[in-house]
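Quick note: the sequence shown, position 177, residue 168 per my numbering, numbers continuous. Every residue, glycine too, gets a C-beta built ideally from N, C-alpha and C. Model, not experiment: these values are computed from the prediction. In what follows, a structure is listed as structure tokens, so that the remarks can point back to it.
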Amino acid sequence: MTSALLLHRREGRVEASVSEIDESRLPEGDVLLDVWYSGLNYKDALAITGRGKIIRGAWPFVPGIDLAGKVRTSGSEAFKPGDLVIGTGWGLGESHWGGYATAQRVDAAKLLPLPEGMSLDKAMLAGTAGLTAMLAVMELEAHGVKPGGGEVLVTGASGGVGSFAAGLLHAAGYSVAASTGSPDAHDWLRWLGADRIVEREALAAGAARPLDSGKWAGAVDVAGGKTLEAILASLKRHGAVVACGLAGGHALHTTVFPFILRGARLIGVDTNTCPVPARRQAWARLARWMTDERAEHLLADTIGLGDLAAYSERLLSGAIQGRLLVDLRK
Ligand SMILES: NC(=O)c1ccc[n+]([C@@H]2O[C@H](COP(=O)([O-])OP(=O)(O)OC[C@H]3O[C@@H](n4cnc5c(N)ncnc54)[C@H](OP(=O)(O)O)[C@@H]3O)[C@@H](O)[C@H]2O)c1
């Protein structure tokens, strides 16, 4: 038997309960693994509360877009029993049962070996949020945003993606402006590497005019909506913003002026479908950074399966600073 968070859809509402499931009910896949850790991401919280249409598989459903554990049996040459593996994205917890189960069956193609220098819990402390932040930093680098070239803005800085982005950018030598709506997080963000705090409200109203004064050499944005509109209008010449999220809204109204008069770049990141070479590179860099003591302070709390529903509400209300680690053996 495996313990799992099972989501049922009843009369249009999503109900979550911890259930014992016979392992014969686990989905198809060539690797059976014991899951030790997962994480709670924004997308997971939307799935668990039913506030977002995340689940694309048949109901009932086991969510959790991240997992890390030990291979029990493998029909793939890529892994053998005892291997430590991680899985993020590729539809895990969306179209295929995910990480909120003590055992799971997954295709080998959705898994990677645990990166060198990382432990399973550290990998899930990062999870999709950390991977997204790392991919965003790599995109800024690839688009010519260099340390010393001006401030890089991070929005939603106290959240999972934002806090990782702030820490990673600081470690790479960038000057970081951290935008947050959480006054309690200011000191923590400064300690993490933010050179300056920007009030969330200063960006939330959108752009005052199509082109504002150039402030940001680059930006990692998890808010979307009017915040992204404001960032685009205030990018410096040839600046770049990586759009990662929609915590503030999914609509985007802008003009072509930042693009045609300043050469601004708007770059998307989809960690779910990120190709394997970039994933491997990002995980290797994350593993190196996570030996920094700052990384340990990104852990907000370690929770168990039974805590997921309550913590999903807290996460969506913006009350969590950093990351939530899910310990499946708790
Ligand atoms: N593209 C991808 O592949 C990818 C991957 C992972 C996540 N995401 C997306 O990135 C976003 C953040 O994910 P996460 O896991 O970091 O979530 P999270 O831990 O809940 O962080 C979100 C943060 O956004 C800020 N925020 C909340 N409401 C806001 C609002 N109305 N306007 C502006 N900011 C607001 C809060 O930070 P402050 O209080 O500090 O402002 C909050 O902590 C989500 O939209 C998620 O879907 C996308």
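Have a look at R187 and Y33 and give me their C-alpha separation to the nearest angstrom.
25 Å
Does DSSP put E132 in a helix, a strand or coil?
helix
Does the distance from the C-beta atom of T245 to that of E220 stay below 9 Å?
yes
Taking the C-alpha atoms as reference points, what is the distance between L122 and L319?
Whole-angstrom Cα-Cα distance: 21 Å.
Mind checking which residues open and close the alpha helix (DSSP H) that includes S154?
Annotation: the continuous alpha helix (DSSP H) that includes S154 extends over G151 to A162.
Under three-state DSSP, which class holds E284?
helix
Which value, in whole angstroms, describes the spacing of the CA atoms of P266 and A273?
11 Å
How about Y33: is its Cβ closer than 8 Å to a heavy atom in ligand 2?
Ligand 2 is absent from the structure shown, which contains only ligand 1.
Just the Cα atoms here: how many angstroms apart are Y91 and R63?
One C-alpha to the other measures close to 17 Å.
Do you know offhand how far L299's Cα is from A278's?
One alpha carbon belongs to L299, the other to A278, and they sit about 26 Å apart.
Any chance the CB of S170 is under 8 Å from a heavy atom of ligand 1?
yes
Taking buried to mean at least 16 other C-beta atoms within 10 Å of its own C-beta, is P268 buried or exposed?
Exposed.
Taking three-plus beta-carbon pairs below 8 Å as touching, is the segment 48 to 66 in contact with the segment 111 to 127?
yes
I'd like to check one pair, T171 with A148: are the Cβ atoms closer than 9 Å?
Going by C-beta atoms, A148 is nearer than 9 Å to T171.
Going by the C-beta, is G297 closer than 8 Å to any heavy atom of ligand 1?
Not under cutoff, so the answer is no.
Going by DSSP, what residues sit across from T79 in a beta bridge?
For T79, which the question treats as bridged, DSSP gives the partners D57.
Inside the segment 245 to 290 only - alpha helix (DSSP H) runs reaching at least 4 residues:
248 to 253, 267 to 280 and 284 to 287
Nearest neighbour of H87, chosen from V76, A69 and P51 [CA to CA]:
P51
Which of the three DSSP states, helix, strand or coil, is assigned to R42?
Three-state result, R42: coil.
Is any non-hydrogen atom of ligand 1 found closer than 8 Å to the C-beta of I311, if you look at the structure I gave you?
yes
Looking at the strands, I want to know which residues DSSP matches up with P104.
In the DSSP output, where bridge partners are listed per residue, P104 has V76.
Segment limits, alpha helix (DSSP H) that includes G30
Here G30 belongs to no alpha helix (DSSP H); instead the beta strand (DSSP E) covers V22 to L31.
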